[in-house]
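Single-structure report; data block below.
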Amino acid sequence: MKRNLLKIMLTSTLAATMCASLAACGSSGSSGTTGATAANQSGSATSTSNSEQVNANSDGTVNNPEAVQIKSGDLSFWSLFTGGDGEWWQKIVSDYNNTSPTNPVQCVTLVWADYYTKLQTAVAAGKGPDMGISHVSKLYELASTGVIEPLDDYLKDNDIDLTKYYSQNNIDAVTIDDHIYAIPLDTHAEVMYYNTDLISQAGITEDDIANIKSIDDFKDLLKKCKDTLGSDCTPLCLSNSGDDPFRVWYALYYQMGGAPFVNDDATKCTLDKDKAEAAMKALKDLYDEGYIQKGINSDDNAVPFQSGKAAFLFGGTWLTGTFESTKGLNFNNACFPQLYDNQTCWADSHTLILPVKKSRTKEEADNAVKFMFYASDKGGITWAESGQIPASSTANQSDKYKSMKGYNVIDELNNAQFAPKASHYYNGIKTDLQSALDGYWTGQVDLDTAYENLETAVKNNLD
2 MKRNLLKIML TSTLAATMCA SLAACGSSGS SGTTGATAAN QSGSATSTSN SEQVNANSDG
62 TVNNPEAVQI KSGDLSFWSL FTGGDGEWWQ KIVSDYNNTS PTNPVQCVTL VWADYYTKLQ
122 TAVAAGKGPD MGISHVSKLY ELASTGVIEP LDDYLKDNDI DLTKYYSQNN IDAVTIDDHI
182 YAIPLDTHAE VMYYNTDLIS QAGITEDDIA NIKSIDDFKD LLKKCKDTLG SDCTPLCLSN
242 SGDDPFRVWY ALYYQMGGAP FVNDDATKCT LDKDKAEAAM KALKDLYDEG YIQKGINSDD
302 NAVPFQSGKA AFLFGGTWLT GTFESTKGLN FNNACFPQLY DNQTCWADSH TLILPVKKSR
362 TKEEADNAVK FMFYASDKGG ITWAESGQIP ASSTANQSDK YKSMKGYNVI DELNNAQFAP
422 KASHYYNGIK TDLQSALDGY WTGQVDLDTA YENLETAVKN NLD
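In the working numbering, the protein residues as written are 2 to 464.
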């Protein structure tokens, strides 16, 4: 597919309510309910019949977002933020609406697992929202299929210069064919947590952790934990399937100097066989040498650490708030360690997007972009409470943020290795790579077969 998105034809406040609840960066399993109360949690005053059309869930998410009534003059925002994320996002929206903008923002929260499908379907039908969220790993797909608009003209007309506020890494991630398609909200990365009580028992200092420079250095610390903490503690907490071991392998692959999974136009698999296999073997050795206890469920990857039964954990930045609220858990966090040549980590980013909407006026689009920038810039320090690393320097260089644990991993803004810009990455390449790796971690296939499966995963999802 040729990457000239300007040639693609674009197909066609939350004033007093909450954006809903569920786990950060997770999925919703709520059962459907009906009635005005649940529908109103989406930010609209509706009749009972319309509430039934909205088909709201008990957690405040909605199954039919197109049916939510948006107050005249308001801008609609479709969100996937639930749980703690949803509460912090609601505060940002409420704070903005309290500034008396020309167009207040009304938030509608969708079921996480349905969000992208319903967004793409609604935009194609001409019923999409004024604004929305996209992971940067999904952004190219949305841009290449005409779901979202480039923001260049709106940013210029409103004197918003992203280079003054965001790292080049973040800006590059939202730039496609030299056009900006989103405003970065955060970076959420796979980082390292450690239990300060347990590492002390193992004779490990925080300086020892800061001085990890190789896989052997890290193994030395894990061995101390294994030798001293007893069989009920795992030196390293990591599931043997699912997202987290994929993210660790991803980090190791790029630390070893692995090439992007695809070429620039995503038409050819460019996996580096030697480095892909070396990264697989390096992680598998941690399982086989007993540094990771068996039986850690992919759905509960952080539970042993949260319960004080793990010395180290590789997990997402969004876990920070949960750990801080866990009574009796003394911990700290650090960037994903540099175990090989390059200091890189797996990361994704929530970004703010402007879906195609023919009925939206230029003034409304301008005000939408103003809100998006406000949410990231002025709202960034509020968003930091969710555990994500705020993208705007207004937030991430503030005195308040420097006093938060999130600042310990601020360098991940530059260490982040974002996903390749491919139309079939989010639900294609990534999902199939993860499945191929799961077979190796669990011993179902050998290394050679696992690599063949990795290569197939990429080749089956080229543009």
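Ideal Cβ positions, reconstructed from N, Cα and C, are used throughout, including at glycine.
Next on the checklist: Spatial neighbours of Lys128 within its chain, please: C-beta separation below 6 Å, excluding the five flanking residues on both sides.
Outcome noted: Glu67
Item to check | Buried or exposed by the 16-neighbour rule on C-beta atoms within 10 Å, applied to Glu325 | outcome: exposed
Next on the checklist: Considering Cα atoms alone, identify which of Ser360, Asn159, Gly316 is closest to Ala348.
Outcome noted: Gly316
Checklist entry - What residue does the alpha helix (DSSP H) around Trp442 start on, and which one ends it? => result 431 to 442
Checklist entry - Just checking my contact of Ser201 with Ser240 at CB under 8 Å: how many whole Å lie between their CB atoms? => result Contact flag wrong, Cβ pair sits at about 26 Å.
Checklist entry - What are the boundary residues of the beta strand (DSSP E) that Gly317 is part of? => result 311 to 317
Checklist entry - Which two residues bound the contiguous alpha helix (DSSP H) that contains Gly118? => result Checking the sequence shown, residue 118 turns out to be Thr, not Gly. Element bounds for Thr118: 116 to 125.
Item to check | In chain order, each alpha helix (DSSP H) run of at least 4 residues that lies wholly inside the region 203 to 250 | outcome: 207 to 211, 216 to 229
Item to check | Contacting residues, own chain, Cβ-Cβ under 7 Å from Leu81 (five flanking each side not counted) | outcome: Leu111, Trp113, Tyr116, Ile134
Item to check | For Thr110, the three-state DSSP class (helix, strand or coil) | outcome: strand
Checklist entry - Do the region 199 to 218 and the region 393 to 402 touch if we need at least three Cβ pairs shorter than 8 Å? => result no
Checklist entry - Based on Cα-Cα distance, which residue from Tyr341, Gln389, Asp464 lies nearest to Glu191? => result Gln389
Checklist entry - Where does Glu150 land, buried or exposed, given buried means 16+ other C-beta within 10 angstroms? => result buried
Item to check | Spatial distance of Asn212 from Lys363 (CA atoms) | outcome: 53 Å
Next on the checklist: Quick check: what's the CA-CA separation for Val446 versus Gly440?
Outcome noted: 6 Å
Checklist entry - For Val370, which residues from the same chain have a beta carbon less than 8 Å from its beta carbon, with the 5 sequence-adjacent residues on both sides left out? => result Leu152, Tyr155, Leu156, Asn159, Ile161, Ile184, Leu355
Next on the checklist: With a threshold of 8 Å on Cβ separation, who are the neighbours of Val410 within its own chain once the five nearest residues in sequence on each side are excluded?
Outcome noted: Ala190, Val192, Thr318, Asn334, Ala335, Cys336, Ile390
Checklist entry - Excluding five sequence neighbours on each side, which residues of the same chain lie with their C-beta closer than 7 Å to the C-beta of Phe332? => result Tyr194, Tyr195, Asn196, Thr197, Phe324
Next on the checklist: Please report the distance separating the alpha-carbon of Ser242 from that of Ser360.
Outcome noted: 45 Å
Checklist entry - Would the beta-carbon of Val106 fall within 9 Å of that of Met132? => result yes
Item to check | Counted within 10 angstroms of its Cβ, other Cβ atoms place Gly30 as buried (16 or more) or exposed | outcome: Low local confidence applies: a pLDDT of 34 at Gly30 is under 50, so the model's placement there is unreliable, with the coordinate-based value given in what follows. Counting Cβ neighbours within 10 Å, Gly30 comes out exposed, since fewer than 16 surround it.
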